[in-house]
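With full-length UniProt numbering, letter number 352 in the sequence shown gets 352, and the count goes up by one each step, no holes.
See below for the structure under consideration.
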Amino acid sequence: MQDFVDIDKKNKQYQSLIEDSPLAIYTSDQDGRLTYFNPAAVQLWGRVPVMGEDFWSGPWRIHFPDGRPMNLSDSPMAKALQQIARFENQEIVIERPDQTFKRLLVFAIPTFDDQSTFSGTQNTFVDITAKTSYETKQSVLSAIVESSDDAIISKDLNGIISSWNQGAQRIFGYTETEVIGKPVSILIPTERLKEEDTILGQIRQGNKVKHFETIRMTKIGKLIPISLTVSPVKDVSGNIIGASKIARDITEQVEAQASIKRNAQNLELLNSIGKVILEQLEVKEVLQQVTDVTTQITGASFGAFFYNTYDDNGEAFMLYTLSGASSAQFESLGMPRHAALFKPTFSNSEVIRVDDVTMDSRYGKNMPLFGMPSGHLDVKSYLAVPVVSANGEVIGGLLFGHPEVGQFRAEHEDLVESIASQAAIALENSRLFEEIKTMSDKKDEFIALASHELKTPLTTIKGYLQLLAKKKQDRVNALFIEKTLDQVAKLNALIADLLDVSKIEAGKLQFNLEHFDLRLLLKEVMETFPYTYKTHKIIFHDANEPAIVYADKQRIEQVINNLLTNAIKYSPAADLVEISLFKDAEVVTVRVKDYGIGLKEEHKSKIFTRFYRADGVVNVSGLGIGLHLTKEIIDRHNGQIGVEGTFGVGSEFYFTLPANGG
């Protein structure tokens, strides 16, 4: 009796173990109908099967491990019933009603009663979803690490390398077997070893080092720029046990940034030299700027411009400008017209670029040196670019040198050629400028001489005419003498204007500045004008108050006389000229208005140009210098001058001067 009690007790214990088991356990009879399932099975299946009605298993759907649908009759549980055999460690995937999936290991075991008769199966499901997911992730992660272009390295807190991927081998050149167990310092240049101490210090504190750009060393000793990201590695207890390092080779990025910076600098230099070439006409200044800029752009150790000229023997070229070296270092060149390296540039206008001039067959051919002169600049890389005029003449050459080999590239050649072509234009402009300047100097000299030679006889003629005018003459002779004196006065005025223009251009026109009342000066001029010009009436409009300016009184009187004379000359059919005077806190304005032929719009912007005369003015004498001289005088007084009016109606010229000499 006690035996039955013990058996019943054990059965209850077994049943309790199964009920509380975290594993999904269920049984089925020999026909496959479910006869029992524990709570863990319900939780795994996501549904509660109907006891005695559901067959083979409790899941909603079953799939093969690769995702293909599986019929219940093909499941390990069904096969265990059909074949009365054990099916263990069989992997399946079940689909739950909520459309989530679980990956399982199935253990299907046939069961027998006390008479050893087959009674069904006992099935156990082990959920391996999490384990499989972790293994998959680890596999994927391992594949990513191995296939990464970046170097992924792990090390302990002493800096000893413990893992090394293919990316690390590609970047640094070491194989995995060569570096495992070695200190990571084998990758660090000596002068940067302190960086590793700093990085490990950050890792020990649990900090991550992000995108640290530095320099590391390959197996062959080549230095490369890299970007480092270093993260702490922790054990299951959260203790920091090492570091994971990702190193990215940023050589291309650094070179691209350097190229962008270099191109920006070159563009700035090209703009600056372009401005100099356009604005500067002094040959020495242009060539020095060209030499400096091209030396900087090419990265040359030195640069020089040589003029293609000749000595007494008919063979030489002359050093003109130099950058990056002293002229004393070039003295040993002598007159190297025969140098084989120089001749193609200066004789045939060829560009010469040599990576190592000492290995060039043309090197060292010039007597008597046969090689590099003692004390001369050390040159390996060599670049020579001719400066050629528009007619094909080689004006000179730009020569560049560097003590290291292979320093000059095709882009340097192209840049220097471009600048050389601009320099040729600038040199031609400078030559033309010098010619024009010489002609202008001769012109000024001629005007001064001619004016002096003309004024002497005119003074004599004027004196004789004035003597004749004092004697009693008949009416006709008196009129002739008067008109002749008028013409002499005009000639004197023209000669004076020519001299003034010449002085202005030479910067020699003197001004005697003083404070005076412009209103009184206008009234004085108006009082004397009717004696010279009797055809026109002059009306003066003003506010009847002083208008003080700080100016050269004689020159301003000259301006007023010029404007009044022009107003009368260009209004032959009228008899009125009006002068107006305005002033405010800033300026004093004088306006001279006539009712003559006026000006077309296209002439207004040019009327103050030297020797300019409007088309269609054929009956009025003049050289076209009076208004030019007038504008120069006003400009020198920091004033403004202009003209308004309508063609066929009249013109109104005006000028301003700072009030109170401000």
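The beta-carbon is built from N, C-alpha and C at its ideal position, and this holds for glycine as well.
As the structure is a prediction and not an experimental result, all values here were calculated from the model.
**Asked** Would you call residue 180 buried or exposed, if buried means 16 or more other Cβ atoms sit within 10 Å of its Cβ?
**Response** exposed
**OP:** Within 10 angstroms of the Cβ of residue 197, are there 16 or more other Cβ atoms? Answer buried if so, exposed if not.
**Re:** exposed
*asked:* Applying the 10 Å Cβ sphere with the 16-neighbour rule, what's the burial state of residue 545?
replied: Exposed is the call here.
Range of the contiguous beta strand (DSSP E) that encloses residue 555 | Segment 553–569 is the alpha helix (DSSP H) holding residue 555; no beta strand (DSSP E) there.
Bridge partners for residue 592 per DSSP, in chain order? Residue 592 is bridged to 579, 653.
- prompt: Roughly how far, in whole angstroms, is the beta-carbon of residue 224 from the beta-carbon of residue 234, given that I think they are within contact range, below 8 Å?
  reply: 30 Å between Cβ atoms; not a contact.
Practice problem: Quick one: give me the first and last residue of the beta strand (DSSP E) that residue 104 is part of. | Solution: 101–112
Problem - Beta-carbon separation (whole angstroms), residue 33 vs residue 58, contact threshold 8 Å - result: About 12 Å separates the two Cβ atoms, so there is no contact after all.
Straight-line CA distance for residue 322 to residue 439? 31 Å
Open item on the list: Quick check on residue 374: buried or exposed, where buried means 16 or more other Cβ atoms within 10 Å of its Cβ?
Closed with: Summary for residue 374: the model assigns pLDDT 49, below 50, so the residue's position carries little reliability; its value from the coordinates is reported in the next sentence. Residue 374 is exposed by the Cβ-count criterion.
**Asked** Who does residue 217 pair with in a DSSP beta bridge?
**Response** 223
For residue 294, the nearest candidate out of 282, 269, 306 (CA to CA): 269
Quiz prompt | Rounded C-alpha distance that separates residue 337 from residue 402 | solution = At residue 337 the pLDDT is 46, less than 50, meaning the model places this residue with poor confidence; the figure from the coordinates comes in the next sentence. Their Cα atoms are separated by approximately 22 Å.
Could you tell me the alpha carbon to alpha carbon distance between residue 512 and residue 554, rounded to whole angstroms?
Straight-line Cα distance between these residues: approximately 8 Å.
key: Exposed unless 16 or more other CB atoms sit within 10 angstroms - verdict on residue 520   = An exposed status is given to residue 520, since fewer than 16 other beta-carbon atoms sit within 10 Å of its beta-carbon.
Subject >> Whole-number beta carbon distance between residue 345 and residue 352, since they are thought to touch under 8 Å >> reply: The Cβ separation is near 6 Å, so the contact holds.
Quick check: the Cα distance between residue 230 and residue 256, rounded to an integer number of angstroms? Spanning the two alpha carbons is a distance of roughly 25 Å.
**Q.** Cut-off 6 Å between Cβ atoms - residues of its own chain near residue 79, not counting five sequence neighbours on either side
**A.** 87
| When DSSP labels each residue in this structure, what does residue 603 get in the three-state scheme? | helix
Query raised in the report: Do the CB positions of residue 37 and residue 49 come within less than 8 Å of each other?
Result: yes
Could you spell out where the alpha helix (DSSP H) holding residue 286 opens and where it closes? 283–298
- Local conformation of residue 425 per DSSP, three classes: helix
DSSP state of residue 90 mapped onto helix, strand, coil: strand
For residue 531, report the span of its beta strand (DSSP E) as first-last. That residue, residue 531, is in no beta strand (DSSP E); its alpha helix (DSSP H) goes 518–532.
Using CA atoms only, rank isn't needed, just tell me which of 607, 192, 199 is closest to residue 156.
199
- Message: My output table needs one value for residue 405: the three-state DSSP class, helix, strand or coil.
- Response: coil
Can you check which of these residues, 24, 30, 210, 31, is closest to residue 45 by C-alpha distance?
24
(Q) Report the start-end ranges of each beta strand (DSSP E) in the UniProt domain "PAS" (137–206) that is 3 residues or longer and not cut off at the edges. (A) 151–156, 161–164
>> Using 8 Å for Cβ pairs, my map puts residue 608 next to residue 583. What's the rounded Cβ distance?
In response: 23 Å between Cβ atoms; not a contact.
DSSP three-state label for residue 249, please.
strand
Under 8 Å between C-beta atoms of residue 567 and residue 592:
yes
Checklist line | For residue 349 and residue 333, the rounded distance between their alpha carbons | finding: For residue 333, the predicted structure reports a pLDDT of 45, less than 50, and the residue's modelled location is therefore unreliable. A value from the coordinates is still provided. Whole-angstrom Cα-Cα distance: 20 Å.
| message | Please identify the residue among 103, 420, 283 whose C-alpha is closest to the C-alpha of residue 390. | response | 420
**Item:** Alpha-carbon to alpha-carbon, residue 596 and residue 528
**Value:** 22 Å
To which residues of the same chain is residue 517 closer than 7 Å at the C-beta, ignoring the five residues directly before and after it? Excluding sequence neighbours, residue 517 sits near 546, 547, 548.
State the Cα-Cα distance for the pair residue 409 and residue 216, rounded to the nearest angstrom.
27 Å
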